[in-house]
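Engineer:
There are 2 protein chains.
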Amino acid sequence: MSQEMEYHISEQRLHIRQIVIDAIAETMDLYGGTPSSGQLYGIMFFENKPMTLDEMKVRMNMSKSNMSYAVRSLVESQMVKKLEEKQDRKELYVAEVDFFHTFQNFFTLKLQREINVMTEAISKALLELTEIIIDEHITDQERNLALQDLYKLRHGQTYYEWLQKFVDALKQEEYFKDFA
Amino acid sequence: MSQEMEYHISEQRLHIRQIVIDAIAETMDLYGGTPSSGQLYGIMFFENKPMTLDEMKVRMNMSKSNMSYAVRSLVESQMVKKLEEKQDRKELYVAEVDFFHTFQNFFTLKLQREINVMTEAISKALLELTEIIIDEHITDQERNLALQDLYKLRHGQTYYEWLQKFVDALKQEEYFKDFA
DNA sequence: CAATCCGTACAATTAATACTGTACATTATA
DNA sequence: TATAATGTACAGTATTAATTGTACGGATTG
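Chains E and D, in that order, are what the protein sequence lines are. With the first letter of the first sequence counted as 1, position 78 gets the number 78 in this note's numbering; the numbers rise by one all the way through. With the first letter of the second sequence counted as 1, position 14 gets the number 14 in this note's numbering; the numbers rise by one all the way through.
(1) Could you confirm whether any beta carbon from chain D is found closer than 8 Å to the beta carbon of residue 23 of chain E?
(2) If you follow the alpha helix (DSSP H) that residue 148 of chain E is in, where does it begin and where does it stop?
(3) Please classify residue 55 of chain E: does DSSP put it in a helix, a strand, or coil?
(4) Give a yes or no on whether 8 Å exceeds the smallest Cβ distance from residue 89 of chain D to chain E.
(5) According to DSSP, is residue 110 of chain D part of a helix, a strand, or is it coil?
(6) Using only the alpha-carbon positions, how far apart do residue 54 of chain E and residue 64 of chain E sit?
(7) Going by DSSP, what residue range makes up the alpha helix (DSSP H) through residue 75 of chain D?
(8) Residue 56 of chain D and residue 39 of chain D: beta carbons closer than 8 Å?
(9) Answer yes or no: do residue 13 of chain E and residue 149 of chain D have a C-beta to C-beta separation smaller than 8 Å?
(10) What does DSSP give as the partner residue(s) for residue 94 of chain E in the beta ladder?
(11) Could you check what DSSP says for residue 86 of chain D in three-state terms: helix, strand or coil?
(12) Of the choices E:159, E:58, E:41, whose alpha-carbon is the least far from that of residue 72 of chain E?
(13) State the DSSP-derived secondary structure class of residue 176 of chain D, mapped to helix, strand or coil.
(14) Whole-angstrom Cβ separation of residue 121 of chain E and residue 19 of chain D, contact assumed at under 8 Å?
(15) How many angstroms separate the CA atom of residue 85 of chain D from the CA atom of residue 93 of chain E?
(16) Spatial neighbours of residue 169 of chain E within its chain, please: C-beta separation below 7 Å, excluding the five flanking residues on both sides.
Here it is in structure tokens:
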């Protein structure tokens with residue numbers, strides 16, 4: 001086979017990868033990332049070895065500084081792992097290529113944060129609402145208004161209890177059982 | 001009870017609401033919204049009647065134009081419903097107050113979009129990769145590289161088959177069964 | 001059917017975020 | 001311990017997104 005032909009095949013394979021990488025970049029917003037962090041994850045997804053910041057810099061045609069930030073956010077949402085070992089002093093990063101894990105990691109992380117923030121706020125609100133309601137000096141109208149809010153928040157509370165169980169089940173891989 | 005006291009209670013109840021509204025605004029990023037669209041949803045969550053754009057404008061202290069955009073994005077992610085009927089020519093909007101439904105609506109919508117975009121890209125990529133692989137003129141090395149990509153995408157494909165089932169189950173309220 | 005008013009598209013502005021270049025702390029190497 | 005090189009903080013720039021004001025199409029009323 002000619003050199004040109006080999007080159008052509010190589011180019012074509014990169015083009016095929018790019019189709020998928022672009023799709024990842026397009027859907028990255030659901031995971032709170034920018035298109036370019038989607039591109040980066042896509043590149044790392046196909047790379048069959050760990051990457052250094054310098055390699056990312058070249059492949060993304062961006063500054064190393066920015067790669068440092070981008071990869072950090074990917075690490076934070078656990079789509080990329082930082083390895084313990086280094087290569088020629090350089091840190092190594094590798095993409096989580098198993099989408100089951102990325103799904104699991106991302107949603108347990110983000111939903112847990114929501115649960116924490118919301119349950120704290122709701123608890124605090126319920127406590128203060130109760131104080132209003134049991135106050136003997138308020139009008140019936142005020143009490144009823146406070147009660148309305150209280151019922152809504154109680155319902156919210158049950159939701160977050162459910163969501164906590166959902167997240168726990170996700171952690172335990174309950175939903176993956178009959179698969180993969 | 002004095003007027004001042006009543007006023008105080010009213011203020012206090014609004015303050016309590018604000019605690020929860022701020023928490024919603026803070027976690028809104030998980031749902032692809034801005035803090036201000038979170039504020040808007042929070043306000044509508046506590047409002048016990050449908051709201052008009054003008055009311056939102058006042059409550060949010062923002063332009064009507066912007067309220068039009070903000071509420072549209074909330075309607076698109078199905079956290080807010082536009083009612084059929086109007087009030088004095090004005091359109092009416094009401095928040096989905098059941099978090100079980102907001103969860104269900106949002107994730108079936110967004111995950112389905114991801115499934116569609118990704119499966120299309122993966123299918124296309126697999127087709128083109130297969131063409132490379134069955135080509136008798138390529139080197140073993142090239143074939144193996146193509147095969148590596150193919151295996152990864154095959155695995156991705158199984159993931160999206162699972163995710164489709166997950167979304168379907170979410171639609172069917174499978175995960176809510178023992179609750180709410 | 002004229003007058004009014006709602007909602008939204010669009011351009012302009014403002015705010016937020018992404019990205020770059022540099023400088024420096026830290027760590028590894030010799 | 002001196003030297004070299006990595007990764008990141010930070011300030012500055014560019015790009016993107018959010019918000020405003022305006023103008024206008026379309027619907028509604030009288």
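Beta carbons: idealized from backbone N, C-alpha and C, even for Gly. None of these values were measured; they are calculated from a predicted model.
Structural biologist: Looking at the atomic coordinates:
(1) The count along the first sequence starts at 1 and reaches residue 23 of chain E at position 23. So yes, residue 23 of chain E belongs to the interface.
(2) One-based indexing of the first sequence puts residue 148 of chain E at position 148. Its alpha helix (DSSP H) spans residues 140–171.
(3) As a working note, residue 55 of chain E is residue 55 in the first sequence. Residue state, collapsed to three classes: helix.
(4) Translated into positions along the second sequence, residue 89 of chain D becomes position 89. Not flagged as an interface residue toward chain E: residue 89 of chain D, since no C-beta distance is shorter than 8 Å.
(5) Position 110 of the second sequence, counting from 1, holds the residue named residue 110 of chain D. Here residue 110 of chain D sits in helix by DSSP.
(6) For the purposes of this step, residue 54 of chain E is taken as residue 54 along the first sequence, with counting starting at 1. For the purposes of this step, residue 64 of chain E is taken as residue 64 along the first sequence, with counting starting at 1. Across the structure, residue 54 of chain E and residue 64 of chain E are spaced so that their CA atoms are roughly 7 Å apart.
(7) As a working note, residue 75 of chain D is residue 75 in the second sequence. Looking at the DSSP string, the run of the alpha helix (DSSP H) that includes residue 75 of chain D is 64–76.
(8) Position 56 of the second sequence, counting from 1, holds the residue named residue 56 of chain D. Position 39 of the second sequence, counting from 1, holds the residue named residue 39 of chain D. Taking 8 Å as the cut-off, the Cβ atoms of residue 56 of chain D and residue 39 of chain D do not count as close.
(9) In the first sequence, the residue the question calls residue 13 of chain E occupies position 13. In the second sequence, the residue the question calls residue 149 of chain D occupies position 149. One thing to note: residue 13 of chain E has its Cβ within 8 Å of the Cβ of residue 149 of chain D.
(10) For the purposes of this step, residue 94 of chain E is identified with residue 94 of the first sequence, where counting begins at 1. E:81.
(11) To locate residue 86 of chain D, count along the second sequence from 1; it is residue 86. In the structure shown, residue 86 of chain D adopts extended strand secondary structure according to DSSP, grouped into three states.
(12) Along the first sequence, read from residue 1 onward, the residue named residue 72 of chain E stands at position 72. Between residue 72 of chain E and the set E:159, E:58, E:41, the nearest pair of CA atoms involves E:41.
(13) Within the second sequence, numbered from 1, the residue matching residue 176 of chain D stands at position 176. Looking at residue 176 of chain D - three-state DSSP - the assignment turns out to be helix.
(14) Taking the first residue of the first sequence as position 1, residue 121 of chain E is located at position 121. Taking the first residue of the second sequence as position 1, residue 19 of chain D is located at position 19. Right, their Cβ atoms sit about 5 Å apart.
(15) For this step, residue 85 of chain D is matched to residue 85 along the second sequence. For this step, residue 93 of chain E is matched to residue 93 along the first sequence. Rounded to the nearest angstrom, the two C-alpha atoms are 55 Å apart.
(16) Position 169 of the first sequence, counting from 1, holds the residue named residue 169 of chain E. Closer than 7 Å at Cβ, skipping near neighbours: 175.
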